[in-house]
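Listed in order, the protein sequences are those of chains A and B. Per this note's numbering, residue -11 is the first one in the first sequence, and the count goes up by one each step. Per this note's numbering, residue -14 is the first one in the second sequence, and the count goes up by one each step.
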Amino acid sequence: MDIRWVWESQNLAQRTLEHLRMFGIALALSVVIGVLLGLYLYRRPKLAPIAFNVLNILETVPTLALLVLLLPVLGLGEKPTIAASVIYSILPIARNTYTGLTSVERSYIEVAEAIGLSEREVLLKVRFPLALPLIAAGVRIAVVFTMGVVTLGGLIAAGGLGAPIQTGIHLYDRDIIIVTGLWVGALALILDGVAALIERYLRDRYGRR
Amino acid sequence: MVIEMLFRRIETVELRDVTKRYGDFTAVDHVNLEIIGGELLILIGPSGSGKTTLLRTINRLIEPDEGEVFINGRNIKEFDVVKLRRSIGYVIQQIGLFPHMTVKDNIGLLLKLEGWSEEEIDKRVKELLHLVALPEDFVTRYPHQLSGGQQQRVGLARALALNPPLLLMDEPFGALDPILRKQLQEEFLRIKEVLGRTIVFVTHDIEEAFKLGDRIAIMRDGRLVQVGYPDELVLNPADEFVAKLVNVDKKFKHLDTLKVKDLMVDVEKYIVEVQRKDELLQWMRDKNIEFAVIVEKGALKGVTDLKSLLKSQDLEEALMEPLVFSPGDSLASALAEMKRRNAFLGVVVEREKPVGILLANEVLLKLL
Ligand SMILES: Nc1ncnc2c1ncn2[C@@H]1O[C@H](COP(=O)(O)OP(=O)(O)OP(=O)(O)O)[C@@H](O)[C@H]1O
Ligand SMILES: [Mg+2]
């Protein structure tokens, strides 16, 4: 197996950058939307069951089917790939944000109110920080989801590391498939590892003891 | 930086007919209570008697179903609730330090929200740590890195950060072991002197009540049974329940071995030889004392207090014959006598000359 040949012929360095770019954009959007949705549902808890049911249903749609469904709206390439990643990742992030905010120990909230924090200040200074470890756990799940979807994006011309795998399949070239596949796997492990470290840090820093 | 407080000092905190129900159950039942500015008022009573509930009506954590609370004559409903709570320090048994904040951030939280600068906060936090006898370098610690007693001190520092004129404390030392509790009580007495602010303090430890409190309010089944100074409660308990709670007999068991001379106070300050009422009045005002022991050629003539003195025509009329003990009398029988005669003081005499005074109040405090 000629790793070097695969790396150069398939332009893997370039592909990796594309891949990480899509990953980064998708994850950032997921975090922003997921956390905001979690906050919103915390303020409107009546809506929470409905919202989470809808997201749960979306979660069960197979990735390929979702990508195909998005084609007529967003066309081929990056856009539908990022959109699909975000759709999958919102649930774990929003759900963990919501759970994190609502499950902060009652006593901390009471003390915060008792010493004169306004509702907003309680949310920003007490609830949200104490929810961070759980939010981070949600983001970590999203990292894995996003990595998978972005790779599948290769099927609909999104570029990234899915593209050479696609090429390998077309050409029946085992080497390309294996080398790229392993590389994607390694990247996924590294990113998950980083996410795990961040999660651990937040748990130590903001965890409830 | 000056913070805008709703009130700079407390004249009175007045609870009028405060009632709180949970369903059919009445947790606080038409309580009327006036807390005087500058005093430390103890709320004491058995578990479930409504102490916490009553306390929390003062900072509006609980809104009463009936009745109202007034601070300096103003209904607290008029105040913005966040401002009200920032003007009232609050300390609880569970402490409730925020686990994700350092000691500095916990203490300085309200200062930050009030817009203090970083240097001002630093300075104030250090001041407060000093006040509660913690080392300055604790600022970077997290609550879980502190012992229970240290956490409670930080809790107190946090409550004092904005310098609130009123402090509510709900069994602040309740969770500490007895030795530590004693130590924190001592320190708290010192801090209390320094601060001189109005404090409402919940406990169910009668010793703590006697040790820390100026006045004591006794609660039972949501009702206020009696309010008064320690000697009033001991000498004139409103009922069996109060008598049991202040438990004079048990407290005074070791009294058998004590003599009057062991617990009498020096008479020098109160002793005077005068003929005229106005002379005496002036003298008492100068010395800032409430009562005086009048002698003639060194021998006891009588005692009087400001109130009787002001009411009477001349000195003779105001003079009262005090209970007299000798230094070797048993303290127990002396106190029993005082209780029977409802007297707050007795004069200790040796060879006709006053040598000391037995003050019910002081004796109690010393015994506890
Ligand atoms: N939210 C509530 N719902 C129902 N009952 C309550 C509630 N809060 C308090 N109570 C009841 O009201 C009564 C008084 O409670 P409170 O907490 O004021 O007692 P306490 O005197 O502070 O007791 P402790 O010394 O145990 O702290 C208790 O019987 C309690 O069960
Ligand atoms: Mg209580």
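The beta carbon of each residue, even a glycine, is placed where N, CA and C say it ideally should be.
- Taking 7 angstroms as the cut-off, the C-beta of F226 (chain B) does not count as close to any heavy atom of ligand 1.
- Residues of the segment 107 to 124 of chain B that bring their beta carbon within less than 7 angstroms of a beta carbon in chain A are absent altogether.
- Relative to ligand 1, even the nearest heavy atom lies 7 angstroms or more away from the CB of A142 (chain B).
- D90 (chain B) sits in a helix when the DSSP states are folded into three classes.
- Beta-bridge pairing by DSSP links S315 (chain B) to B:K244.
- The beta-carbon of Y194 (chain A) is placed less than 8 angstroms from the nearest beta-carbon of chain B.
- Within chain B, F83, P84 and H85 have C-beta atoms less than 9 angstroms from the C-beta of L118 (chain A), given in sequence order.
- Distance between L8 (chain A) and A174 (chain A), taken at the CA atoms: about 13 angstroms.
- Residues with their Cβ less than 7 angstroms from any non-hydrogen atom of ligand 2, running along the chain, are B:K36, B:T37, B:D155, B:E156 and B:V187.
- In this structure, the C-beta of H189 (chain B) approaches ligand 1 to less than 7 angstroms from one of its heavy atoms.
- Rounded to whole angstroms, H189 (chain B) and W101 (chain B) show a C-alpha spacing of 38 angstroms.
- Contacts with chain B at 8 angstroms (Cβ-Cβ) include E109 (chain A).
- With a beta-carbon spacing of about 6 angstroms, L95 (chain B) and I103 (chain A) fall inside the 8 angstroms limit used to define contacts.
- Runs of the alpha helix (DSSP H) lying entirely within the segment 40 to 79 of chain A and spanning at least 4 residues, in chain order: 51 to 62.
- Relative to the non-hydrogen atoms of ligand 1, the Cβ of F10 (chain B) comes within a distance shorter than 7 angstroms of at least one.
- The count of Cβ pairs closer than 8 angstroms, one atom from the segment 126 to 143 of chain A and one from the segment 4 to 19 of chain A, reaches three, so the stretches are in contact.
- With respect to the 8 angstroms criterion, Y76 (chain A) and F11 (chain A) are not classified as neighbours on the basis of their beta carbons.
- Interface residue (Cβ-Cβ distance to chain A less than 8 angstroms): Y75 (chain B) is classified as such.
- For N346 (chain B), the uninterrupted alpha helix (DSSP H) segment begins and ends at A345 to L352.
- Around the beta-carbon of W268 (chain B), fewer than 16 other beta-carbon atoms lie within 10 Å, marking it exposed.
- Interface criterion not met: the Cβ of Y189 (chain A) is under 8 angstroms from no Cβ in chain B.
- K254 (chain B) has its alpha-carbon roughly 15 angstroms from the corresponding atom of L285 (chain B).
- DSSP links Y160 (chain A) through a beta bridge to no other residue.
- The three-state secondary structure of V13 (chain B), taken from DSSP, is strand.
- Interface annotation, I103 (chain A): in contact with chain B, CB-CB separation under 8 angstroms.
- Between the alpha carbons of A183 (chain A) and L190 (chain A) lies a distance of about 11 angstroms.
- Check the Cα spacing between K68 (chain B) and each of B:D263, B:E192, B:R(-7) and B:L174: the tightest is with B:R(-7).
- If you check each beta-carbon in the segment 184 to 196 of chain B against every beta-carbon of chain A, none falls closer than 7 angstroms.
- Interface annotation, K34 (chain A): not in contact with chain B, CB-CB separation never under 8 angstroms.
- Taking 8 angstroms as the threshold, the shortest C-beta distance from S91 (chain A) to chain B does not fall below it.
- Per DSSP, the unbroken alpha helix (DSSP H) holding V99 (chain A) starts and ends at R94 to A102.
- Rounded to whole angstroms, the separation of the alpha carbons of M86 (chain B) and V124 (chain B) is 10 angstroms.
- Going by C-alpha positions, V280 (chain B) is about 7 angstroms away from G287 (chain B).
- Restricting attention to B:V117, B:D65 and B:R143, the CA atom closest to the CA of D90 (chain B) is found in B:R143.
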